[in-house]
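> Quick note: the sequence shown uses our numbering, first residue 217, plus one each step.
Following this message is one structure expressed as structure tokens.
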Amino acid sequence: MSAIPESSSAPSDLEKKNEDNKQKQSNLQRIQLRKQSVRAWPAEKKIEKLGIYSSCKADENCKCNGWKNPNPPPNPPKPDAPSQVSSLNDPCRGCEHKLKDHVSHLETVGDEELDRLLGIVVDVENLFMCVHKEEDSDTKQVYFYLFKLLRKCILQLSKPEVEGPLGKPPYEKPSIAKGVTNFVLHKFTHLSPKEWQMMYDLAKMFLHCLNHWKLETPSTRKQYMSQEELAAYKVNYTRWLCFCHVPAFCDSLPHFDTTLIFGRTFLKSVFQTMRKQLLDKFKAEKDKMPPEKRTLVLTHFPRFLTLLEEEIYSPNSPIWDPNFTGKTPAHVLAAVQAQAATDPSGVVSTPTAGKKRPADDDTGGQPDMKRRRSEDENLDEAVAEIVAELENSKQNSQSMFPEHAPRDEAAKIEEKKGLLEFHCIANSLTEKVSRQTMLWLIALQNVFSHQLPRMPKEYITRLVFDPKHKNLALVKNGKPIGGICFRMFPSQGFSEIVFCAVTSNEQVKGYGTHLMNHLKDFHIKNGIHHFLTFADEFAVGYFKKQGFSKDLKLPKSVYGGYIKEYEGATLMGCELNNKIVYVEFTAVVRKQKEILKKLVERRQAEIRKVHPGLTCFKDGITEVPVESIPGILETGFAPPAAKATRSSEERMDQETLYNTLKTILHSCKTYQYSWPFMHPVDRKAVPDYYDHIKFPMDFKTMTERLKANYYVNKRLFIADLKRMISNCKAYNSPETEYYNCASNLEKYFNTKLRDHNLL
């Protein structure tokens with residue numbers, strides 16, 4: 217869904233607004249590219265740029281609010297002219313104090329903080345342009361306020377925070393998103409699952425449009441609003457500018473969705489205008505829409521908006537009640553329960569409303585909920601007892617290491633004793649580097665050169681001492697015995713690991729694992745959650761143990777052009793979880809396994825029951841029915857007669873299903889459009905087919921599966937049919953003959969399935 221046009225309803229104006237929306241998208245891309253480029257500047261140029269927005273601190277009486285270059289570049293700049301970087305001793309053209317007097321507050325700032333401040337600088341420049349281009353006085357005033365706020369943050373090295381009479385979001389409860397979700401539950405629960413899902417999708421579309429909709433200025437609304445309404449609208453308009461609109465292109469500011477921080481009052485003030493513009497936009501673009509979407513937005517969406525309008529302006533509508541308890545449709549509850557049964561995390565997203573849980577409906581779910589609550593309490597008590605038991609056994613243990621100790625256990629113990637230290641060190645061109653840091657860098661260069669003989673020593677030296685690279689040094693007895701050299705790309709969200717090594721006489725002690733865990737925790741603290749590295753054939757195994765994989769989670773567009781590629785090496789990546797403390801990860805997992813093992817043992821002890829032996833044989837009885845043996849029936853044993861009857865019935869049902877599926881499969885194979893699906897796709901004729909299609913299917917394979925009694929139920933058979941069609945449509949474009957055959961065959965076998973009551 218594209219952004220909504222601002223205020224006009226004429227088709228020609230809508231086309232113009234669409235062009236404006238495209239221009240807006242290109243502007244956002246331009247801003248991001250600008251931020252990436254300034255963050256790639258050398259340190260001296262970054263300091264010079266920040267000095268332009270930093271007031272002079274050489275003299276209390278100096279009122280200069282920013283350093284001005286005494287030799288400004290020509291305007292317009294000459295394309296072939298080299299860009300000159302100013303030195304810290306260059307005087308300011310305004311106050312004649314040196315550049316270093318303006319940037320003295322940046323002396324102890326690291327690279328990440330400099331990059332953050334440069335991002336704010338780009339936002340300041342964009343807001344400056346907005347102030348000069350904006351014609352509306354109310355909007356211009358907000359732009360200027362945010363401009364001054366960001367400039368203040370550069371000077372004080374603080375994070376932007378909008379303060380004052382606007383308050384903090386959210387401003388009204390329930391929010392618009394909550395109210396619209398309640399509306400769907402209130403009005404459409406009686407519909408069929410397909411119709412209900414359609415209304416739910418329309419609600420999401422409406423919320424998406426509202427989040428991207430541009431409000432009219434207060435001056436535009438003066439004509440048809442009272443003074444009281446206009447005052448309230450002006451407050452909400454200012455809040456919307458500060459927290460929703462401006463942060464969308466100035467990401468230094470905290471951003472919020474409109475539908476999450478505003479409520480009914482805001483929605484009432486904008487709904488009529490927004491509804492008209494939405495419907496006009498859809499009518500103007502109907503010829504460009506596919507048929508399904510055209511029916512949705514031109515037929516169903518107007519009805520949806522009409523019903524929503526009644527609830528927005530009705531004084532007694534229940535959807536705005538903070539304690540709304542709408543009943544979730546049965547099919548949604550079923551989907552939630554199915555997901556909960558298969559999702560080990562227990563995290564389920566569902567459009568339920570209010571504080572009512574699925575088990576609390578009117579179908580008698582309260583006893584089940586009480587039972588589950590009781591089981592949870594018992595489980596908590598059992599876990600607490602097991603934890604205490606494990607702690608006691610750990611204290612009483614005499615062994616230095618537990619059996620099967622983690623790889624990094626020895627390294628963690630040495631670190632606690634103070635034998636190991638971890639230091640993040642780097643060279644610098646703008647700050648004085650301590651003698652200790654320089655000695656450690658030289659030692660790390662020696663470790664990398666010795667352990668990585670294939671790497672040229674000059675190349676290793678250049679990267680280790682490059683200010684853009686950092687080094688996590690593993691120090692033992694005051695001397696680095698290993699380390700990791702890496703370069704961070706905060707704007708791209710990843711770091712490249714360049715070198716990783718531990719000296720040979722200190723290997724196989726878990727130092728490498730513990731070193732990598734420290735590096736992971738360091739990056740999580742700095743907001744970076746991806747690693748990339750080129751591993752040679754000897755390092756692939758190590759990186760696999762540290763969670764790296766050849767299946768990269770980052771698209772190539774993110775890292776392409778940022779990292780250097782190596783011939784004969786494998787590109788591997790690792791995604792970090794910010795909820796994990798990696799230096800404690802192995803201990804936590806080990807403890808969880810021990811707790812789970814104890815719980816299983818306790819459960820087995822409860823359900824294991826030993827029955828007394830049979831004494832009837834002493835009385836001369838030589839044979840007893842099997843089902844009379846104590847404990848046999850509890851295992852699920854069925855008497856032979858009943859078992860034979862059930863097997864006979866199952867066999868009859870299976871034979872009926874087999875004959876039905878055989879008939880349908882034969883009909884599909886003889887259908888005129890089935891010829892592309894008779895045999896598996898030839899790998900020689902279509903070399904890349906199996907690169908795109910991971911689960912191929914064809915009629916030959918289905919025939920073999922039918923003969924092998926693979927289709928024990930209709931769902932397996934239908935799934936293979938649908939997979940065959942979806943594979944064809946996924947690989948072939950809609951204008952091809954293969955795609956046309958797939959569409960016709962799909963209609964044909966659906967008809968056959970209905971004829972045999974399988975759908």
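For every residue, glycine included, the Cβ atom is placed at its ideal position computed from N, Cα and C.
Just so it is clear, the structure is predicted and the values come from calculations on it, not from any experiment.
Tell me which residues share the same chain as V325 and place their Cβ nearer than 8 Å to its Cβ, disregarding the 5 neighbours each side in the sequence.
In the sequence shown, residue 325 corresponds to position 109, counting from 1. Closer than 8 Å at Cβ, skipping near neighbours: L333, L373.
> Can you tell me the Cα-Cα spacing of R255 and Q708, whole angstroms?
Residue numbering aside, residue 255 sits at position 39 when the sequence shown is read from its first letter. Residue numbering aside, residue 708 sits at position 492 when the sequence shown is read from its first letter. Whole-angstrom Cα-Cα distance: 11 Å.
> Under 8 Å by Cβ, that's how I've got F459 and V338 pegged, so tell me the actual separation to the nearest angstrom.
Within the sequence shown, the letter at position 243 stands for residue 459. Within the sequence shown, the letter at position 122 stands for residue 338. Not quite, the Cβ-Cβ distance comes to about 20 Å (not below 8 Å), so this is no contact.
> How far does the alpha helix (DSSP H) with R491 in it reach, from first residue to last?
Position 275 of the sequence shown holds residue 491. 480–500 is the extent of the alpha helix (DSSP H) around R491.
> Assuming S485 contacts N452 (C-beta within less than 8 Å), just tell me the rounded distance between them.
By one-based count along the sequence shown, residue 485 stands at place 269. By one-based count along the sequence shown, residue 452 stands at place 236. Correct: roughly 7 Å between the Cβ atoms.
> Out of curiosity, what's the CA-to-CA distance linking D331 and R309?
Taking the first residue of the sequence shown as position 1, residue 331 is located at position 115. Taking the first residue of the sequence shown as position 1, residue 309 is located at position 93. Going by the C-alpha atoms only, they are around 26 Å apart.
> Quick check on the DSSP output: the beta strand (DSSP E) that includes C466 runs from which residue to which?
Position 250 of the sequence shown, counted from the first residue, corresponds to residue 466. First-last for C466: undefined, no H or E at that position.
> Using a Cβ-Cβ cutoff of less than 6 Å, which residues in the same chain neighbour L792 once the five nearest sequence positions on both sides are dropped?
Along the sequence shown, read from residue 1 onward, the residue named residue 792 stands at position 576. Answer for L792: K736, I740, H745, listed in chain order.
> What span of residues does the beta strand (DSSP E) with M788 cover, start to end?
Along the sequence shown, read from residue 1 onward, the residue named residue 788 stands at position 572. 786–791 is the span of the beta strand (DSSP E), which, as asked, contains M788.
> Looking only at C-alpha atoms, which of K910, K878, N943, Y905 sits nearest to E920?
Residue mapping note: residue 920 aligns to position 704 of the sequence shown, counting from 1. Ranking K910, K878, N943, Y905 by Cα distance to E920 puts K878 first.
> Can you tell me where the beta strand (DSSP E) with S711 in it begins and where it stops?
Taking the first residue of the sequence shown as 1, we reach residue 711 at position 495. Run containing S711: 710–718, per the beta strand (DSSP E) assignment.
> What does the alpha-carbon distance come out to for the pair H730 and T405?
The count along the sequence shown starts at 1 and reaches residue 730 at position 514. The count along the sequence shown starts at 1 and reaches residue 405 at position 189. Computed Cα separation, rounded: 54 Å.
> Where do the N-terminal and C-terminal ends of the beta strand (DSSP E) with L688 fall, by residue?
For the purposes of this step, residue 688 is taken as residue 472 along the sequence shown, with counting starting at 1. That run of the beta strand (DSSP E) goes 685–692.
> Can you find the residues in the same chain that come closer than 7 Å, C-beta to C-beta, to N427, ignoring five residues on each side of it along the sequence?
What you label residue 427 is simply residue 211 of the sequence shown in a count that begins at 1. So the qualifying residues of the chain are D473, T474, T475.
> For the alpha helix (DSSP H) that contains A259, what are its first and last residues?
As a first step, residue 259 must be located in the sequence shown, where it is residue number 43. Unbroken alpha helix (DSSP H) run through A259: 259–267.
> What are the partner residues of E637, as DSSP defines its beta bridges?
Working through the sequence shown from its first residue, we reach residue 637 at position 421. Beta-bridge pairing links E637 to V691.
> For H424 and S765, I'd like the C-alpha separation in whole angstroms.
For the purposes of this step, residue 424 is taken as the residue at position 208 of the sequence shown. For the purposes of this step, residue 765 is taken as the residue at position 549 of the sequence shown. Approximately 36 Å, taken between the alpha carbons.
> Between which two residues does the beta strand (DSSP E) carrying F747 extend?
Position 531 of the sequence shown, counting from 1, holds the residue named residue 747. It spans 746–751 - the beta strand (DSSP E) in which F747 sits, taken as one unbroken run.
> Write down every uninterrupted run of the alpha helix (DSSP H) in the stretch 393–473 whose length is 4 residues or greater and which is fully enclosed by it, in chain order.
Fully enclosed alpha helix (DSSP H) runs of 4 or longer: 409–427, 434–437, 443–456.
> Does the stretch 674–691 come into contact with the stretch 750–759, if we say contact requires no fewer than three beta-carbon pairs (one atom in each stretch) closer than 8 Å?
Segments in contact, no.
> Nearest CA to the CA of V680: which residue from V649, F710, I641?
For the purposes of this step, residue 680 is taken as the residue at position 464 of the sequence shown. Among V649, F710, I641, the Cα nearest to that of V680 is on I641.
> Between the C-alpha atoms of N966 and K885, what's the straight-line distance to the nearest angstrom?
Residue 966 sits at position 750 when you count from the first residue of the sequence shown. Residue 885 sits at position 669 when you count from the first residue of the sequence shown. N966 and K885: Cα-Cα distance of roughly 14 Å.
> With contact counted as at least three CB pairs below 8 Å, one residue from each stretch, are the stretch 634–648 and the stretch 668–678 in contact?
They do not touch, by the three-pair rule.
> Could you tell me which of N742, L495, L873 sits nearest to R510, measuring between CA atoms?
Position 294 of the sequence shown holds residue 510. Ranking N742, L495, L873 by Cα distance to R510 puts L495 first.
> With a threshold of 16 other CB atoms inside 10 Å of the CB of W891, please say whether the residue is buried or exposed.
What you label residue 891 is simply residue 675 of the sequence shown in a count that begins at 1. Exposed.
> With three or more C-beta pairs closer than 8 Å as the rule, is the stretch 524–537 touching the stretch 438–452?
Counting Cβ pairs under 8 Å, fewer than three are found: no touch.
> Between N662, F540, I779, P669, which has its C-alpha nearest F710's C-alpha?
Start at 1 with the first residue of the sequence shown, and residue 710 comes out as number 494. Checking every option, the nearest Cα to that of F710 belongs to I779.
> Span of the alpha helix (DSSP H) holding R678?
Start at 1 with the first residue of the sequence shown, and residue 678 comes out as number 462. Looking at the DSSP string, the run of the alpha helix (DSSP H) that includes R678 is 673–680.
> If you pair each beta-carbon of the stretch 946–962 with each one of the stretch 920–932, do three or more pairs fall below 8 Å?
No, the stretch 946–962 does not touch the stretch 920–932.
> May I ask you to report which of helix, strand or coil DSSP gives K736?
Against the sequence shown, residue 736 aligns to sequence position 520. In the structure shown, K736 sits in a helix (DSSP, three-state: H, G or I).
> Measure the alpha-carbon distance for S942 versus L382 and round it to whole angstroms.
Numbered from 1 along the sequence shown, position 726 holds the residue referred to as residue 942. Numbered from 1 along the sequence shown, position 166 holds the residue referred to as residue 382. One C-alpha to the other measures close to 52 Å.
> Return the first residue and the last residue of the alpha helix (DSSP H) that M918 is part of.
Start at 1 with the first residue of the sequence shown, and residue 918 comes out as number 702. From DSSP, the alpha helix (DSSP H) with M918 extends over 915–923.
> Buried or exposed, going by whether 16 or more other CB atoms sit within 10 Å of the CB of S665?
Translated into positions along the sequence shown, residue 665 becomes position 449. Buried, by the Cβ-count rule.
> Jot down the residue ranges of each uninterrupted alpha helix (DSSP H) in the stretch 323–383, minimum 4 residues, whole runs only, in chain order.
Taking only runs of at least 4 residues, the alpha helix (DSSP H) segments lying wholly in the stretch 323–383 are 327–349, 353–372.
> Find the nearest neighbour of I697 within the set M671, N662, F705, judged by alpha-carbon distance.
Translated into the one-based positions of the sequence shown, residue 697 becomes position 481. Out of M671, N662, F705, N662 has the C-alpha closest to the C-alpha of I697.
> What separation, rounded to the nearest whole angstrom, lies between the Cα atoms of V340 and E312?
By 1-based counting over the sequence shown, the position of residue 340 is 124. By 1-based counting over the sequence shown, the position of residue 312 is 96. V340 and E312: Cα-Cα distance of roughly 24 Å.
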